[in-house]
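Per our numbering, residue 89 is the first one in the sequence shown, and the count goes up by one each step.
In this text, a Cβ means the ideal position worked out from N, Cα and C, and glycines have one as well.
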Amino acid sequence: MDTQIVKKIIEDVVAELGEADNTMPVEVSGRHVHLSSEDAEKLFGGPLTNVRELSQPGQFLCKERVRLIGPKGLLEKVAVLGPARDETQVEVSLTDARLLGAKAPVRQSGDISGTPGVLIASERGIVELKEGLIVPGRHIHMTPEDASSLNVADKEMVSVRVGRVRSVVFEDVLVRVSNSYRLSMHIDFDEGNACSWTPESSGRIIKKRK
Ligand SMILES: [Zn+2]
Numbered sequence: 089m090d091t092q093i094v095k096k097i098i099e100d101v102v103a104e105l106g107e108a109d110n111t112m113p114v115e116v117s118g119r120h121v122h123l124s125s126e127d128a129e130k131l132f133g134g135p136l137t138n139v140r141e142l143s144q145p146g147q148f149l150c151k152e153r154v155r156l157i158g159p160k161g162l163l164e165k166v167a168v169l170g171p172a173r174d175e176t177q178v179e180v181s182l183t184d185a186r187l188l189g190a191k192a193p194v195r196q197s198g199d200i201s202g203t204p205g206v207l208i209a210s211e212r213g214i215v216e217l218k219e220g221l222i223v224p225g226r227h228i229h230m231t232p233e234d235a236s237s238l239n240v241a242d243k244e245m246v247s248v249r250v251g252r253v254r255s256v257v258f259e260d261v262l263v264r265v266s267n268s269y270r271l272s273m274h275i276d277f278d279e280g281n282a283c284s285w286t287p288e289s290s291g292r293i294i295k296k297r298k
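Structure below.
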């Protein structure tokens, strides 16, 4: 065999082995709402009730649920996540946005300037959100230690292969590094269904080969 070909095969095998440890859990986030304390007060008359801790430390699912009302449709029993934030933000999939009849852009959490609003209703109140309806951009939470072992940096955009049966390579995945995070990639249900996601699914960062 041509030595060049053998060399290429060896390089490819080494590169594969090098990537073997680069796996991370992948979680699917359903549609949900983050409320400001003021909006939580308007909707529920008091602070939010923690019913279950989520994978990211300090984040929790609330007992409270809301109804989202858009120009064309509504979504019932939408999850509320705590703790309260400075600004209310609603995160839905593109399928949900279409159902609501709203043109929600893909944005990273917190980047809500110029996004559409939506009505958020509870049994006792209604909040007219002026802006804050987004389709969350796919991202990975990790600690500085994870970042160094995965050889990536905060705010870096990477590609990640997810799934086995019908794997998909997701591009433009934002790396978010903080000591308060736990390693996990977050995608929404449209993306999860696209790659036949199950709770056992894992993702692998793909480095561009030169
Ligand atoms: Zn996340």
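- Per the CB criterion, closer than 6 Å to any heavy atom of ligand 1, the qualifying residues run in chain order as HIS227, HIS229 and HIS274.
- With distances taken between CA atoms, GLY134 lies nearest to PRO171 out of ASP184, PRO171 and THR91.
- When the five nearest sequence neighbours on each side are left out, the beta carbons in the same chain lying within less than 6 Å of the beta carbon of ARG226 are those of PHE258, VAL261 and ILE275, in order along the chain.
- By DSSP's assignment, VAL178 forms a beta bridge with VAL121 and LEU221.
- The C-beta distance from GLY158 to LEU188 rounds to 3 Å, short enough to meet the 8 Å contact threshold.
- A Cβ-Cβ distance of about 6 Å is found for the pair GLU152 and THR137, placing them in contact under the 8 Å criterion.
- By the C-beta criterion, the segment 173 to 191 is judged not to be in contact with the segment 142 to 150, since fewer than 3 inter-stretch pairs fall below 8 Å.
- Straight across, the Cα-Cα distance linking ILE93 with GLU99 is about 10 Å.
- For GLY205, no beta strand (DSSP E) run applies, since DSSP gives it neither H nor E.
- In this model, PRO287 and LYS160 are separated by some 32 Å (Cα to Cα).
- For the 8 Å CB-CB criterion, LEU156 and VAL168 do not form a contact.
- DSSP, read as helix, strand or coil, puts SER143 in coil.
- Ranked by how close their Cα comes to the Cα of ALA282, the residues GLY291, GLY251 and ILE294 have GLY251 in first place.
- Between VAL154 and ALA209, the C-beta gap is smaller than 8 Å, which places the two residues in contact.
- One Cα belongs to GLU141, the other to GLY202, and the distance between them is close to 31 Å.
- With a cutoff of 8 Å on beta-carbon distance, LEU221 and VAL180 are scored as near each other.
- Under DSSP, CYS150 shares a beta bridge with ASN138.
- In this structure ILE97 is exposed. Its beta-carbon is surrounded by fewer than 16 other beta-carbon atoms within 10 angstroms.
- Within the same chain, and ignoring the five residues on either side of ARG119 in sequence, the residues whose Cβ sits closer than 6 Å to its Cβ are VAL166, VAL180 and ASP184.
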